[in-house]
Amino acid sequence: MRVTITHMADEVIKVKNVKKYFSVAQKGEGFGASLISLVYKKYKEVKAVDDISFEIKSGEMVAFLGPNGAGKTTTLKMLSGILYPSEGTVSVLGYTPQNRQPEFQKQIALVMGQKNQLWWDLPPTDTFLLNKDIYSIPTSQYKSTLEELVDLLEVENILTTPVRKLSLGQRMKCELIASLLHLPKILFLDEPTIGLDLVIQKKMRSFLKKYNKKNDATIILTSHYMDDVKEVCDRVILIDHGHKIYDDQIDKLITEYANEKYLKIEFANEVSKENLKGIGSIIEFDGLQATVAVPRKDHAKKAAELLAKFEIDNIDIAEVELEDIILKYFTHQT
Amino acid sequence: MKYVRTFLLALQSEFISRANIVGWFIVGAIPSVILALVWLAILGDKQSINGFTKGDFVLYYLFVTFSWYIVGGNFAFPVGNGIKDGRINMTLLKPYNVVFGLCIQEQAWKALSFIIALPFALIVLYLFRDDIHIKLTLIQNVMLFISLILGAIIFAFLEALVGISAFWVTEMWPIAHVNDMLFSLFGGRMLPLTLMPPVILFIANLLPYKYIFHIPVSILLSKSSNMYLDIGLQFLYICILALIYQFVWIKGIQKYEAIGS
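Residue numbers (our numbering), protein chains in the order written: chain A, 61 to 394; chain B, 18 to 278.
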């Protein structure tokens with residue numbers, strides 16, 4: 061009998077000094093430059109990913125964050141085997157992704173918010189059946205997984221409608237089902253909630269958490285919605301210009317870089333902005349309401365100072381938004 | 018099973034746009050009808066031109082039209098466009114051959130078109146029943162079938178190679194059209210190769226296009242001097258093209274930029 065012992069702390073993804081460079085054609089402005097480009101083409105090397113290293117453990121939920129063009133999607137594509145790295149090594153579940161071995165591919169899935177796999181003219185169930193065959197899913201497993209996913213994502217009434225007739229949110233849910241039928245151990249999500257309304261975004265997030273818990277799946281996510289990151293992930297990797305600039309727990313990022321707290325005040329009477337300046341830096345102000353950023357360690361003292369100085373209806377002490385921390389991080393204001 | 022399912026899904030998609038199939042059949046049949054009429058006019062009262070009788074010409078162009086659904090197609094475009102705009106990304110992730118999958122998808126409209134066009138073939142065969150004489154032995158029938166399949170594989174490899182040229186060029190359609198033109202000229206689709214000037218025949222012998230369509234039609238018309246050798250050469254071309262394809266694919270996929278997110 062063969063016994064396999066797996067540890068929760070096992071690294072399922074190992075990325076070491078990975079680089080991905082693209083050669084991009086350049087052309088100057090105007091018709092003359094176009095004519096020149098007919099005979100002489102100039103190329104520029106773009107460093108999409110430049111010497112990134114990290115490891116991800118089994119069951120972790122990690123967010124890749126960064127501005128557009130930072131290298132997040134390129135990294136995901138290398139991890140899933142679509143792209144070859146220019147340099148460095150990538151290992152996912154012990155496999156080299158770009159070799160695209162079927163045993164590896166049967167354990168991963170990539171959901172891209174702007175790329176679809178569903179057959180446009182046919183109902184989603186037909187694509188599900190194709191994926192059943194592609195991933196050699198046993199019929200009983202297919203039926204139970206599909207039933208569960210359909211139930212969780214509440215799509216039972218659209219399964220027989222052609223994909224082209226579905227809304228973006230409905231399509232996205234079906235994309236997710238198609239990607240999860242084989243119960244991947246690693247799920248790469250590239251902007252999975254892009255264009256979705258708030259209700260569906262929330263459902264998606266809660267679904268992902270359930271999926272992670274139930275299947276001990278590792279989830280790596282890129283998103284521009286900080287709610288996705290806050291609600292789904294525990295760890296964040298910040299990428300900028302192809303470089304990894306931060307890699308740790310989200311809570312730690314907040315404690316480390318949010319050296320301020322927000323005081324959200326509702327005044328009983330209109331106050332002057334000038335009078336608030338001594339309290340902290342004003343984030344928002346409209347006479348009757350204000351948000352003031354104060355040093356984290358002094359926030360209680362500052363709140364008391366406000367209560368003594370003004371007639372106040374309500375005062376809330378809030379953490380700085382993750383979005384603001386990330387923004388500060390990338391604009392080097394911390 | 019996954020490719021059978023792909024075929025069935027593609028067939029289902031075709032049912033939705035069935036009117037297109039009739040349209041494409043008309044577009045595909047018109048050049049053959051025109052060329053057949055031209056040759057019949059040239060033939061006039063003569064018994065034959067270079068061994069081609071009235072019945073041979075009719076059968077030849079009927080075969081051009083119908084064999085297109087077996088040895089023809091144009092799946093270089095979905096392959097090339099899929100590479101260009103990153104549409105193949107989602108399929109590359111799966112234990113599934115992207116190019117073969119697209120090739121299988123194409124067989125759906127071809128199969129359906131073939132069935133829809135059959136009554137047309139029966140009408141032509143009936144109208145020219147006194148001129149068309151098909152006298153194939155059992156062996157020739159088997160060889161015709163094998164050569165059609167081998168011709169289809171050669172065609173598929175050429176289309177696949179044209180399609181994956183998109184790893185290097187942004188627009189692969191000029192290459193696809195050149196390939197199509199070469200096939201028409203040197204493959205005998207436009208007119209029988211034996212009626213071509215010697216220089217064309219010489220070049221045709223050096224290229225794989227001849228082995229797509231010319232070999233099966235020669236067997237059908239009992240004009241093949243050595244059908245076993247011809248089929249052997251078809252098989253040889255498949256081996257060569259398979260090796261080239263494998264090499265080009267490996268190089269291409271390493272260069273692939275997987276555009277889009």
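C-beta: ideal position from N, C-alpha, C; glycine also.
Predicted model, so just to flag it, every value in this text is computed and none were measured.
Under a CB-based cut-off of 8 Å, is residue i close to chain A?
i	result
Gly-103 (chain B)	yes
Glu-274 (chain B)	yes
Leu-109 (chain B)	yes
Asn-67 (chain B)	no
Ser-182 (chain B)	no
Tyr-254 (chain B)	no
Pro-112 (chain B)	yes
Ser-30 (chain B)	yes
Tyr-262 (chain B)	no
Ile-192 (chain B)	no
Determine the direct distance from the alpha carbon of residue j to that of residue i, and round the result to whole angstroms.
i	j	result
Leu-178 (chain A)	Phe-92 (chain B)	20 Å
Phe-248 (chain A)	His-194 (chain B)	39 Å
Gln-64 (chain B)	Val-179 (chain B)	42 Å
Pro-142 (chain B)	Val-75 (chain B)	Here residue 142 (chain B) is Leu; the residue named in the question, Pro, does not match the sequence. Between Leu-142 (chain B) and Val-75 (chain B), the C-alpha separation is close to 9 Å.
Arg-295 (chain A)	Val-331 (chain A)	41 Å
Ile-297 (chain A)	Lys-79 (chain A)	16 Å
Ile-65 (chain A)	Phe-32 (chain B)	Note that Ile-65 (chain A) has pLDDT 44, beneath the 50 cutoff, so the model's placement of it is unreliable and the number below is only indicative. So the two alpha carbons sit approximately 51 Å from each other.
Asp-373 (chain A)	Phe-327 (chain A)	5 Å
Tyr-20 (chain B)	Tyr-202 (chain A)	18 Å
Ile-339 (chain A)	Lys-361 (chain A)	10 Å
Phe-188 (chain A)	Ala-238 (chain A)	5 Å
Ile-220 (chain B)	Val-186 (chain B)	27 Å
Ile-343 (chain A)	Gln-349 (chain A)	11 Å
Val-380 (chain A)	Lys-388 (chain A)	11 Å
Cys-234 (chain A)	Lys-269 (chain A)	18 Å
Thr-23 (chain B)	Ser-241 (chain B)	36 Å
Which word fits residue i, buried or exposed, when buried means at least 16 other C-beta atoms lie within 10 angstroms of its C-beta?
i	result
Tyr-103 (chain A)	exposed
Gly-302 (chain A)	buried
Trp-180 (chain A)	exposed
Asn-196 (chain B)	buried
Thr-199 (chain A)	exposed
His-67 (chain A)	The predicted model places His-67 (chain A) with a pLDDT of 44, which falls under 50 and marks its position as unreliable, so this point remains unresolved.
Gly-204 (chain B)	buried
Gln-393 (chain A)	Summary for Gln-393 (chain A): the model assigns pLDDT 46, below 50, so the residue's position carries little reliability; its value from the coordinates is reported in the next sentence. By the 10 Å Cβ count, Gln-393 (chain A) comes out exposed.
Does any residue of chain B have a CB that is nearer than 8 Å to the CB of residue i?
i	result
Gln-349 (chain A)	no
Lys-274 (chain A)	no
Gln-261 (chain A)	no
Ile-377 (chain A)	no
Tyr-81 (chain A)	no
Pro-127 (chain A)	no
Ile-342 (chain A)	no
Gly-119 (chain A)	no
Gly-141 (chain A)	yes
Pro-184 (chain A)	no
Tyr-195 (chain A)	yes
Pro-252 (chain A)	no
Lys-324 (chain A)	no
Between which residues of its own chain and residue i is the CB-CB distance below 7 Å, once the five residues before and five after are set aside?
i	result
Thr-221 (chain A)	Pro-183
Val-81 (chain B)	Ser-49, Arg-206
Ala-169 (chain B)	Ile-87, Val-88
Ile-260 (chain A)	Gly-229
Excluding sequence positions up to five away, which residues of its chain have a Cβ less than 6 Å from the Cβ of residue i?
i	result
Lys-101 (chain A)	Ala-85
Leu-382 (chain A)	Met-286, Lys-290
Tyr-195 (chain A)	Lys-166, His-242
Leu-212 (chain B)	Asn-67
Ala-130 (chain A)	Ile-299, Asp-300
Met-61 (chain A)	Note on Met-61 (chain A): pLDDT 41, under 50, position unreliable in the model; no value is reported.
Ser-151 (chain A)	Lys-74
Tyr-81 (chain A)	Glu-105, Lys-107, Ser-146
Near residue i, what residues of its chain come up, given a Cβ to Cβ distance below 8 Å and the 5 sequence neighbours on each side ignored?
i	result
Asp-257 (chain A)	Gly-229
Lys-132 (chain A)	Phe-124, Leu-125, Gly-126, Asp-250, Thr-282, Ile-299
Ser-239 (chain B)	Lys-152, Leu-153, Gln-157
Ala-134 (chain B)	Phe-42, Ala-46, Thr-82, Phe-83, Tyr-86
Ser-30 (chain B)	Ala-125
Cβ of residue i within 7 Å of any heavy atom in the ligand PLP?
i	result
Trp-85 (chain B)	This structure lacks the ligand PLP, and indeed carries no ligand of any kind.
Below 8 Å on the Cβ atoms is my contact criterion, and I expect residue i with residue j to pass it. Report the Cβ-Cβ distance as a whole number of Å.
i	j	result
Phe-172 (chain B)	Gly-269 (chain B)	Not really, about 20 Å apart at Cβ, beyond 8 Å.
Gly-72 (chain B)	Ile-163 (chain B)	Between Ile-163 (chain B) and Gly-72 (chain B) the Cβ distance is about 24 Å, and since that is not below 8 Å, they are no contact.
Asn-114 (chain B)	Ala-275 (chain B)	Actually they are not in contact, since the Cβ atoms of Asn-114 (chain B) and Ala-275 (chain B) sit about 17 Å apart, beyond 8 Å.
Thr-278 (chain A)	Gly-119 (chain A)	6 Å
Phe-174 (chain B)	Ile-255 (chain B)	7 Å
Glu-320 (chain A)	Val-292 (chain A)	Contact doesn't hold; Cβ gap of about 25 Å is too wide.
Ala-318 (chain A)	Ile-377 (chain A)	Ala-318 (chain A) to Ile-377 (chain A), Cβ: 13 Å. No contact.
So with CB distances below 9 Å, who are the chain D contacts of residue i?
i	result
Gln-271 (chain B)	You won't find chain D in this structure, because its protein chains are A and B.
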